[in-house]
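Heads up, the sequence shown is in numbering that gives the first Met the number 0, so the first residue is 0 and it goes up one at a time.
One structure is given below, encoded as structure tokens.
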Amino acid sequence: MRRHRPFQPNAPIRPASREASPLGRYAPALLVALSLALSACSGGGKPSASDSPPPTREEIAYYDCLRDHGVKLTHTDYGAPRVDKDDQSARANLPAAQVACEDKVPPRPSPQQADAKTLAAARAQSKCLREQGVSWYPDPDPVTGEIDDRAVTPEQLSELKTKHTEALGKCRPDRG
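Written as structure tokens, this is what we have:
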């Protein structure tokens, strides 16, 4: 039976011997190998649904209101409620429910400042698309670099994807 020394508050702390166990000798190498193996399994830095923040109280209250007005909901992988767009009754009830729940619409999140390279690329894309005949294509937001979805109609976006594929290919070579 091994005896333990009594606690001595001023005694130096000595690390346990690695030779005490066969695993102790290889522990540092095992930790490095394990961390490399786990990092190789990661998503490569691309955001996923699980990276999204949980829904806010305001979002939950809004979607509860929509549900109370006959809109069928579904939930994302990270638990956020969304309108079930595959459900006919949800689509039919949505306009009236949106009006009834207008006072519960959650505030838009604060915009994230885009870096200079992203802003320049977004401006160049807008200019290029207009030069290619998409005269209605708006300038990007000067803060986020994104196109405001309220500045274009769904019909225009559909037209952009169906009738202006060549322009998209020229102006968005990475995504066209």
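Note that beta-carbon positions come from the ideal geometry of N, C-alpha and C, so glycine has one too.
By DSSP, does residue i sit in helix, in strand, or in coil?
i, result
"Ala26", "Residue placement at Ala26 is poorly supported in this model, since its pLDDT is 49, which falls under 50; the coordinates still yield a value, given next. Ala26 falls in the helix class under three-state DSSP."
"Thr73", "strand"
"Ser38", "Any answer about Ser38 is weak, because its pLDDT of 47 lies below 50 and its placement is not dependable; what the coordinates show is given next. Helix, per DSSP."
Considering just the uninterrupted stretch of the beta strand (DSSP E) at residue i, what are its terminal residues?
i, result
"Val98", "Counting along the chain, Val98 falls outside any beta strand (DSSP E), though it belongs to the alpha helix (DSSP H) covering Gln87 to Ala99."
Which residues mark the beginning and the end of the alpha helix (DSSP H) in which residue i is found?
i, result
"Ala79", "Element bounds for Ala79: n/a, residue is neither H nor E."
Suppose the cutoff is 6 Å on Cβ atoms and the five residues either side in sequence are ignored; what does the same chain contact list for residue i look like?
i, result
"Thr117", "Gly144"
"Ala150", "Pro137"
For residue i, which residues in the same chain have their Cβ closer than 7 Å to its Cβ, ignoring the five residues on either side in sequence?
i, result
"Arg66", "Leu72"
"Ala166", "Leu128, Gln131, Gly132 and Val133"
"Cys170", "Gln124, Cys127, Leu128 and Gln131"
"Val70", "Val82, Ala89, Asn92, Leu93 and Ala96"
Can you name, in chain order, every residue of its own chain whose Cβ lies under 8 Å from the Cβ of residue i, other than the five neighbours on each side?
i, result
"Ala99", "Cys64 and His68"
"Lys160", "Leu167"
"Pro147", "Looking at the sequence shown, residue 147 is not Pro but Asp. For Asp147, where only same-chain residues beyond five positions count, the Cβ hits under 8 Å are Pro137 and Asp140."
Tell me the start and end of each unbroken beta strand (DSSP E) in the stretch 83-170 that is at least 3 residues and wholly inside, in chain order.
none
Meets three-Cβ-pair contact criterion under 8 Å: the stretch 126-138 and the stretch 98-115:
no
Are at least three pairs of beta-carbons, each pair with one atom in the stretch 52-63 and one in the stretch 73-87, less than 8 Å apart?
yes
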